[in-house]
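Chemist: Residue numbers (the numbering used here): 17 to 250.
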Amino acid sequence: MDNRIHEIINKGKGEAFLEFLFQSISEERRQRFQSISSNRTRHITVAIENIYQSHNASAVLRSCDCFGIQDVHIIEGSNQFNPNDEIALGAEKWLDIYKYNGDNPLDICYSELRQKGYLIAATTPHFDAIPVNNLPIDRPLALVFGTEKDGLTEEAVNKSDIRVALPMYGFTESFNISVSVALFLQKTIDKSIENNSLRYLSEEERHALLIQWCLKSIRNSENLFSVFENTENA
Numbered sequence: 017m018d019n020r021i022h023e024i025i026n027k028g029k030g031e032a033f034l035e036f037l038f039q040s041i042s043e044e045r046r047q048r049f050q051s052i053s054s055n056r057t058r059h060i061t062v063a064i065e066n067i068y069q070s071h072n073a074s075a076v077l078r079s080c081d082c083f084g085i086q087d088v089h090i091i092e093g094s095n096q097f098n099p100n101d102e103i104a105l106g107a108e109k110w111l112d113i114y115k116y117n118g119d120n121p122l123d124i125c126y127s128e129l130r131q132k133g134y135l136i137a138a139t140t141p142h143f144d145a146i147p148v149n150n151l152p153i154d155r156p157l158a159l160v161f162g163t164e165k166d167g168l169t170e171e172a173v174n175k176s177d178i179r180v181a182l183p184m185y186g187f188t189e190s191f192n193i194s195v196s197v198a199l200f201l202q203k204t205i206d207k208s209i210e211n212n213s214l215r216y217l218s219e220e221e222r223h224a225l226l227i228q229w230c231l232k233s234i235r236n237s238e239n240l241f242s243v244f245e246n247t248e249n250a
C-alpha cells in the first residue's frame with residue numbers, strides 16, 4: 017500500500033480524503049466498494065509456494081477475491097508468479113499481494129506471518145494431516161498451498177504449525193490448486209462465520225482499502241494527494 021495513504025490515515029484525515037475521492041467516482045461504484053470492503057478479512061490469508069502455471073495462479077487470486085480474502089502471500093522460490101489477466105479478471109487489482117523471493121523466501125514469509133499472529137496451516141494430503149473441518153479457527157489462519165504437480169515442499173510442511181487436508185474419496189490424491197484453494201476457503205470461512213470468529217477489517221483498515229481502490233479507479237490519481245492537501249490547507 018502507498019505510504020502516502022498511511023500518512024493520511026495516521027494524521028486522522030483518512031475519512032476526509034475518502035470523501036474527497038468519492039467525488040471522482042460514480043455513486044454505483046462507491047456503494048459497491050463500500051459493500052465489498054465490509055466483507056473483507058485478514059483473519060484468514062492465503063500463501064502459495066512456487067506456483068508456476070499462470071492460469072492456476074490467476075484462478076487462485078480470483079478465488080481469494082471472491083471469498084473476501086484481502087492478503088495473498090507469494091513465495092516465489094524458483095518460479096516467478098505471473099497471473100493471467102483473462103483468468104484473474106482483474107482480481108489482483110483489488111488484493112494486497114506480498115511477494116517473497118531471493119534467499120530463504122519461505123522463512124521470510126513464515127516469519128512475517130507469525131509476527132502478525134497467524135497459525136500457519138500447510139495443506140497436504142500426506143503426513144499426519146488433520147481434516148479441514150477440525151482446523152482451529154479461533155485465531156488468524158494462514159493456509160499455505162504448493163505447486164500443481166508436487167504440492168508443498170517438505171520444508172514448507174515441516175516448518176508449518178499444523179498440517180491439514182481435504183477429504184478425498186476417489187483414486188486421485190489431490191485437487192487442482194485453484195479448486196483446493198476455493199474448497200479450503202469455503203470450509204474455513206463458513207465455519208468461522210458459524211462460530212462468529214471471523215474478524216473483518218477494522219474501520220481504519222477499511223478506509224485505507226477504500227482509498228486504495230478509489231485511487232486505482234481514477235485516472236491521473238497521483239495528483240489527488242497534493243490537491244487534497246492544498247484543499248485542507250486552504
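All C-beta atoms in this analysis are idealised placements derived from N, C-alpha and C, irrespective of residue type, glycine included.
With a threshold of 8 Å, are at least 3 pairs of Cβ atoms found where one atom belongs to the stretch 181–194 and the other to the stretch 48–55?
Modeler: At 8 Å Cβ cutoff, the stretches do not touch.
Chemist: Please tell me whether I25 and E220 are closer than 9 Å, where the distance is taken between their beta carbons.
Modeler: Yes, they are a contact pair.
Chemist: Can you tell me where the alpha helix (DSSP H) holding L37 begins and where it ends?
Modeler: Looking at the DSSP string, the run of the alpha helix (DSSP H) that includes L37 is 30–38.
Chemist: If you reduce the DSSP assignment to three classes, tell me which class E313 lands in.
Modeler: Since the first and last residues shown for the chain are 17 and 250, residue 313 lies out of range.
Chemist: Identify whether I234 lies in helix, strand or coil by the three-state DSSP scheme.
Modeler: Coil.
Chemist: Within a Cβ cutoff of 8 Å, which residues of the same chain sit near L129, ignoring the five residues on either side of it in sequence?
Modeler: For L129, where only same-chain residues beyond five positions count, the Cβ hits under 8 Å are T61, A63, H89, I136, A158.
Chemist: Is it buried or exposed for N66, if we count other Cβ within 10 angstroms and need 16 for buried?
Modeler: Its Cβ being crowded by 16 or more others within 10 Å, N66 is buried.
Chemist: Can you list, in chain order, the residues of its chain whose CB lies under 6 Å from that of E102, leaving out five sequence neighbours each side?
Modeler: Low confidence applies to E102: its pLDDT is 48, below 50, so where it sits in the model is not reliable enough to give any reading.
Chemist: With DSSP as the reference, identify every bridge partner of G167, one or two as the case may be.
Modeler: Looking at the DSSP assignment, G167 forms a beta bridge with T163.
Chemist: Going by DSSP, what residues sit across from V88 in a beta bridge?
Modeler: According to DSSP, V88 bridges with V62, I113.
Chemist: Between the stretch 139–157 and the stretch 167–174, are three or more C-beta pairs nearer than 8 Å?
Modeler: In short, these stretches touch, since the Cβ pair count reaches three.
Chemist: Using the Cα positions of L201 and Q69, report the straight-line distance between them to the nearest angstrom.
Modeler: C-alpha separation (whole angstroms): 21 Å.
Chemist: Three Cβ pairs or more, each shorter than 8 Å: is that satisfied between the stretch 29–38 and the stretch 221–241?
Modeler: Touching, per the Cβ criterion.
Chemist: Within this structure, are the beta carbons of I124 and D87 separated by less than 9 Å?
Modeler: No, these two residues do not count as a Cβ contact at 9 Å.
Chemist: Can you tell me the Cα-Cα spacing of V180 and E35, whole angstroms?
Modeler: Whole-angstrom Cα-Cα distance: 43 Å.
Chemist: Please indicate yes or no: does the CB of R222 lie closer than 8 Å to some heavy atom of the ligand SAH?
Modeler: This structure does not include the ligand SAH; it has no bound ligands of any sort.
Chemist: Per the DSSP calculation, T57 is bridged to which residue(s)?
Modeler: DSSP, once it has assigned bridges, lists I85, Y216 as partnering T57.
Chemist: To which residues of the same chain is L214 closer than 7 Å at the C-beta, ignoring the five residues directly before and after it?
Modeler: Answer for L214: T57, H59, I205, S208, listed in chain order.
Chemist: List the whole-angstrom C-beta distance separating F244 from R20, where the pair is believed to meet the contact cut-off of C-beta under 8 Å.
Modeler: Going by Cβ atoms, the distance from F244 to R20 rounds to 10 Å, so no, they are not a contact pair.
Chemist: Span of the alpha helix (DSSP H) holding I21?
Modeler: Start and end: 19–26.
Chemist: Suppose you measure from the CA of D177 to the CA of K232; what does that come to, to the nearest Å?
Modeler: Looking at the two C-alpha atoms, the distance is approximately 36 Å.
Chemist: How would you write the range of the beta strand (DSSP E) that I136 sits in, first residue to last?
Modeler: Where I136 is concerned, the enclosing beta strand (DSSP E) stretches over 135–139.
Chemist: Between G93, D18, K203, I234, which has its C-alpha nearest I153's C-alpha?
Modeler: Out of G93, D18, K203, I234, K203 has the C-alpha closest to the C-alpha of I153.
Chemist: Give me the Cα-Cα distance between D18 and N236, rounded to the nearest whole angstrom.
Modeler: Straight-line Cα distance between these residues: approximately 15 Å.
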